[in-house]
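S.K.:
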Amino acid sequence: MIYTINFNPALDHYLTFDNFQEDKLNTPNLDYKLPGGKGINVSKILKNYSIDSTCLGFLGGFTGDFIETKIKEYGILSDFIKIKEDSRINIKINNNGIETEISGIAPKISEEKYTEFLTLLKSTIKDEDIIVLSGSLPKSLAQNAYGDIIESIPSSTKVILDTRGQAFLSAIKKGVFLVKPNIHELEEFFNKKFNSLEEIITSGKELQKMGATNVIISMGKEGSIFLTQDNIYIGNVPKGTLISSVGAGDSMVGGFIYGLSKQFSLEETYKFAIASGSATAFSQGLAKYETTLNLLSDITIKKYEVNR
30 MIYTINFNPA
40 LDHYLTFDNF
50 QEDKLNTPNL
60 DYKLPGGKGI
70 NVSKILKNYS
80 IDSTCLGFLG
90 GFTGDFIETK
100 IKEYGILSDF
110 IKIKEDSRIN
120 IKINNNGIET
130 EISGIAPKIS
140 EEKYTEFLTL
150 LKSTIKDEDI
160 IVLSGSLPKS
170 LAQNAYGDII
180 ESIPSSTKVI
190 LDTRGQAFLS
200 AIKKGVFLVK
210 PNIHELEEFF
220 NKKFNSLEEI
230 ITSGKELQKM
240 GATNVIISMG
250 KEGSIFLTQD
260 NIYIGNVPKG
270 TLISSVGAGD
280 SMVGGFIYGL
290 SKQFSLEETY
300 KFAIASGSAT
310 AFSQGLAKYE
320 TTLNLLSDIT
330 IKKYEVNR
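Going by the working numbering, the sequence shown opens with residue 30, and the numbers climb by one from there.
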């Protein structure tokens, strides 16, 4: 089974304006609300690809009720721990193509509720399951929470990690199957600016030494890099018109998991991940399966030869 961990899910409120102006009354020309958060996005992508997954984590208040109702409408399985405070609301503004996000304040998760979650996790996760640890951690949880999870589940579980900062550092040291930083997160983590492909690859190898079996580094319009235990691959970005980058990274993770579930080779899994992320970037909302398939022929994967 595939599980996505949602410590900090959100109600995402999307607003589109032709000409947003500060200090004035602004009326959007498009307004809609969706359940959000990186883990939920991964589960939604998988559902679009007819792959089942289960959302675990915490929900609270009227926003939590909205998120849970919408997830059920999508046909996604869930088993959330209920908390007292409202789940957060994120505001996503598109002002004539310029995207701005306002991240809501996370609700407090008590030690009692966190312990309840770990107990649920230990009784749920089985050998060979896939678990996605993605997104930010609420301030009420210690930054080693993802590391705690890895220690509490079977060692054969494939852990996919997509977070940043101390939460990333504590988890990768426990051993993970895949990490997927973008170039900005990578520079933030290593506190340096990369000036060449070789430097980026070297940093990816450092992540492998720290505990990641596989590493995908996304570089925007410059494509991406995939480091496995045996090879390094470079993938391009297929042709298309960027509509919104929101959820593209989560879609890449979802595409990668789809490849794993279908027992693709790692190279073909990587290719599908690129197509999945790109399909979301070229769409309103998250990628559909047909859209993703249509991009595969425009993606070229090249093996990068380098002294390892």
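Idealized CB from N, CA, C, for every residue including glycine. Keep in mind that this is a model prediction, so the values were computed, not measured.
Just to confirm, are G86 and N35 a CB contact at a threshold of 7 Å?
M.R.: In this structure, N35 lies closer than 7 Å to G86 by Cβ.
S.K.: Judging by CA-CA distance, which residue of I303, T257, G240, E235 is the nearest neighbour of V266?
M.R.: Ranking I303, T257, G240, E235 by Cα distance to V266 puts I303 first.
S.K.: Are S165 and N70 touching if we call contact CB-CB under 7 Å?
M.R.: Not closer than 7 Å, so no.
S.K.: In the DSSP assignment, find the unbroken beta strand (DSSP E) run with D41 in it and report its ends.
M.R.: Note, D41: beta strand (DSSP E), 39 to 46.
S.K.: Here's the rule I'm using: 16 or more other beta-carbon atoms within 10 Å means buried, otherwise exposed. How should R337 be labelled?
M.R.: Note that R337 has pLDDT 46, beneath the 50 cutoff, so the model's placement of it is unreliable and no number is given.
S.K.: Out of S280, A171, E334, N211, which has the shortest C-alpha to C-alpha gap to Q195?
M.R.: Out of S280, A171, E334, N211, A171 has the C-alpha closest to the C-alpha of Q195.
S.K.: Let me confirm a value: P210 is counted as buried when at least 16 other C-beta atoms fall within 10 Å, else exposed. Which label applies?
M.R.: Buried.
S.K.: How about the segment 322 to 330 and the segment 281 to 289: do they share at least three Cβ pairs that are nearer than 8 Å?
M.R.: No contact exists between the segment 322 to 330 and the segment 281 to 289.
S.K.: Would you report the Cα separation of S139 and K113, rounded to the nearest angstrom?
M.R.: One C-alpha to the other measures close to 10 Å.
S.K.: Residues in its own chain within less than 8 Å of D156 by CB, not counting five upstream and five downstream?
M.R.: Excluding positions up to five away in sequence, the list reads P183, S185, T186.
S.K.: Using 8 Å as the Cβ pair cut-off and three pairs as the minimum, do the segment 230 to 243 and the segment 267 to 276 touch?
M.R.: No, because fewer than three Cβ pairs between the segment 230 to 243 and the segment 267 to 276 fall closer than 8 Å, the two stretches do not touch.
S.K.: Check this for me: beta carbons of E130 and K142, under 7 Å apart or not?
M.R.: It is not a contact, given that the beta carbons lie outside the stated cut-off.
S.K.: Look up A241 in the DSSP assignment and say whether it is helix, strand or coil.
M.R.: Looking at A241 - three-state DSSP - the assignment turns out to be strand.
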